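Q: Residue numbers (the working numbering): 51 to 287.
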Ligand code: ADP
Ligand code: MG
């Protein structure tokens, strides 16, 4: 299996703070990798670096074999790398259909084609019945699904999901686990940041743990949850 993403020596300084420090990480094609770690560990910063929101201070990122560090989010989206944001930000005054079509316009100028893509995405995410609802009026769970839909409409090969389970009820978490596994079954490689351990265990092929910007463990979900350094990090040690 080849690696769709390879991160080597990735470092990001914010002034005197090192948010990500000499991080090495890879994701195989078709894999679900979870990035976990205590609050402030640097997880969202890793996503922002991979998605082109920030330029790295040091290190290289390869996507499908090509160096991408320093490229802008829109260009990366065209290459097949899409993300959701921890704080969801749809066009609140626009419908679900409109919000998803915005993503689809990345690959087409045709409204009919964008609409067709949006229909396909809404079906995948069971959002059809909410197509005319304004995004600002959705429940948290539906808003999270819309956020995934916006990204999915760009036809990503690698999808970055930042805490899409946060704030969901247990049954909604189950639904979301099913949705994400379904995406992977359709060929999308998935990189998730997730706090809900039950979801991490159910979803991930592999888990990487960071603490103060550094990788402290990597392995199967079972391996990392029994790792001494990981337990210490979560207990505040
Ligand atoms: P996590 O997602 O693991 O909770 P973050 O990546 O959001 O952690 O943050 C890691 C560290 O970097 C934190 O100390 C945070 O305050 C800091 N940080 C994140 N983004 C910025 C920024 N744009 N400017 C300055 N500091 C930042
Ligand atoms: Mg975060």
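Think of the CB as a built atom: it goes at the ideal place given N, C-alpha and C, for glycine as much as any other residue. If you're wondering where the values come from, they're calculated on a predicted model, not measured in any experiment.
#1: Less than 7 Å between the CB of residue 139 and some heavy atom of the ligand MG, yes or no?
#2: Run the CB neighbour count on residue 261, radius 10 Å, all protein chains shown included, and call it buried at 16 or more, exposed below.
#3: Tell me the DSSP secondary structure of residue 61 in three-state form.
#4: Please report how far the alpha carbon of residue 155 lies from the alpha carbon of residue 204, in whole angstroms.
#5: Note down the Cα distance separating residue 187 from residue 271, rounded to an integer number of angstroms.
#6: Report yes if the CB atom of residue 113 is closer than 8 Å to the CB atom of residue 208, and no otherwise.
#7: Within its chain, find whatever has a CB closer than 8 Å to the CB of residue 149; leave out the 5 residues flanking it on each side and keep chain order.
#8: Taking the C-alpha atoms as reference points, what is the distance between residue 173 and residue 229?
#9: Which whole-angstrom value describes the C-beta separation of residue 190 and residue 217, a residue pair presumed to lie in contact below a C-beta threshold of 8 Å?
#10: Measuring CB to CB, does residue 101 end up less than 8 Å from residue 128?
#11: Are there any heavy atoms of the ligand ADP lying less than 7 Å away from the beta-carbon of residue 64, as far as the coordinates show?
#12: Once DSSP output is grouped into helix, strand and coil, what is the label at residue 152?
#13: Determine the direct distance from the alpha carbon of residue 202 to that of residue 167, and round the result to whole angstroms.
#14: For the candidate residues 220, 249, 92, 175, whose alpha-carbon lies nearest to that of residue 236?
#15: Is the segment 57 to 71 touching the segment 102 to 121, taking contact as three or more C-beta pairs under 8 Å?
#16: Looking at residue 290: is its Cβ nearer than 8 Å to the Cβ of residue 67?
#17: For the alpha helix (DSSP H) containing residue 52, list its first residue and its last residue.
#18: Around the ligand ADP, which residues pass a check of Cβ closer than 6 Å to any of its heavy atoms?
#19: Could you pull out every unbroken alpha helix (DSSP H) segment of at least 4 residues lying fully inside the segment 197 to 245, listed in chain order?
#20: Per DSSP, which one or two residues make a beta bridge with residue 68?
#21: Is it buried or exposed for residue 263, if we count other Cβ within 10 angstroms and need 16 for buried?
#22: If residue 79 sits next to residue 239, beta carbons under 8 Å apart, how far is it from one beta carbon to the other, in whole angstroms?
#23: Excluding sequence positions up to five away, which residues of its chain have a Cβ less than 6 Å from the Cβ of residue 164?
A: This is what the structure holds:
#1: no
#2: buried
#3: strand
#4: 8 Å
#5: 36 Å
#6: yes
#7: 140, 141, 185, 196, 199, 200
#8: 11 Å
#9: 5 Å
#10: no
#11: yes
#12: helix
#13: 9 Å
#14: 175
#15: yes
#16: The structure shown does not extend to residue 290, since the chain spans only 51 to 287, so no value can be given for it.
#17: From DSSP, residue 52 is part of no alpha helix (DSSP H); its letter is neither H nor E.
#18: 64, 67, 69, 87, 89, 90, 91, 92, 93, 94, 95
#19: 220 to 235
#20: 63
#21: buried
#22: 6 Å
#23: 151, 154, 155, 158
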